[in-house]
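Numbering (this note's numbering), first residue to last: 93 to 298.
Take a look at the structure below.
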Amino acid sequence: MSDNEERTPEAGVEAKAAPAKTAPAAAAAAPAKARPAPAKAQAVDGPWAGEGISRRDLLRRGAFSTIALFFAQLGVGALAMFWPSKVSGFGGKVNAGKVTDFPVNGPPAKVRDGKFYISRLPEGVIALYWKCPHLGCTVPWAPDEDHFHCPCHGSIYERTGQNIAGPAPRPMDYMETTIAPNGDVIVDTGKIHQRERYDPSQLTRA
Ligand code: FES
Numbered sequence: 093m094s095d096n097e098e099r100t101p102e103a104g105v106e107a108k109a110a111p112a113k114t115a116p117a118a119a120a121a122a123p124a125k126a127r128p129a130p131a132k133a134q135a136v137d138g139p140w141a142g143e144g145i146s147r148r149d150l151l152r153r154g155a156f157s158t159i160a161l162f163f164a165q166l167g168v169g170a171l172a173m174f175w176p177s178k179v180s181g182f183g184g185k186v187n188a189g190k191v192t193d194f195p196v197n198g199p200p201a202k203v204r205d206g207k208f209y210i211s212r213l214p215e216g217v218i219a220l221y222w223k224c225p226h227l228g229c230t231v232p233w234a235p236d237e238d239h240f241h242c243p244c245h246g247s248i249y250e251r252t253g254q255n256i257a258g259p260a261p262r263p264m265d266y267m268e269t270t271i272a273p274n275g276d277v278i279v280d281t282g283k284i285h286q287r288e289r290y291d292p293s294q295l296t297r298a
């Protein structure tokens, strides 16, 4: 290197500090193009506010809930259709037994499940509620007297339930009764009737 060609240290530094720009570096230096920001979920007011649930999700959930509720109600309705209604015990229908189990003019049969007596007469049967119409005592059948005789205040009733003595204001109440085709006596203990006096029309033909 000749004296003419001598370079200042600064020139050498400059030469080193200014490398040629390459294409990839230029690309990297270029500012990145901004991508469009994703659409923000629409805010929902109400109990889900702040949980990130969009209105569309909310509507979808509502639709599913409505459909689920509809099918649930349908299921309950179907079950109710096939579920047997109450058939025994006081308040429902009680099978008292075969009509032939009750002898004509025999002692009335006590049916505890339904709180009644089955009394059979030549024309038919009647189910008598055992509650005394006076003040509500349970009225027993008195075989020695061939009558019902209330122990509380002495009311006396015939086998038809007709009151004939004591303070009772009316006959014993009776329950709706049907005879099934197979001869079963079915008493609806949910249908109890008061009456002013006994009448044969209150009997169920047997
Ligand atoms: S309760 Fe039966 S007579 Fe009074």
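Ideal placement from N, C-alpha and C gives every residue a C-beta, glycine not left out.
A quick note: this is a predicted structure, and the numbers were derived from the prediction, not measured.
Check your understanding: Can you list, in chain order, every residue whose CB sits closer than 7 Å to a heavy atom of the ligand FES?
Key -> C224, H226, L227, G228, C229, V231, C242, C244, H245, G246, S247, G258, P259, A260
Exercise for review: Please name the residue, chosen from R148, K223, F163, G189, that lies closest to Y266 on a Cα-to-Cα basis.
Suggested key: K223
Exercise for review: Quick one: grab the DSSP three-state call for F194.
Suggested key: coil
Point to revise | Integer Cβ distance of N187 from I278, believed to fall under 8 Å | key: Right, their Cβ atoms sit about 6 Å apart.
Review point. Quick one, which of A155, V191, Q165, S211 has its alpha-carbon nearest I271's?
Key: V191
Point to revise | Close beta carbons around H226, own chain, < 8 Å, minus the five adjacent residues each side | key: The residues are C242, C244, H245, S247, G258, P259, A260, P261.
Check your understanding: Is it the case that the Cβ atoms of T281 and F194 are separated by a distance below 8 Å?
Key -> no
Review point. So what does G189 bridge to, in DSSP terms?
Key: V277
Practice item. For E268, I'd like the list of residues in its chain whose CB is within less than 6 Å of its CB, leaving aside the five on either flank, ordered along the chain. Key: D280, K283
Review point. Could you give the distance in angstroms between the alpha-carbon of L161 and the alpha-carbon of G154?
Key: 10 Å
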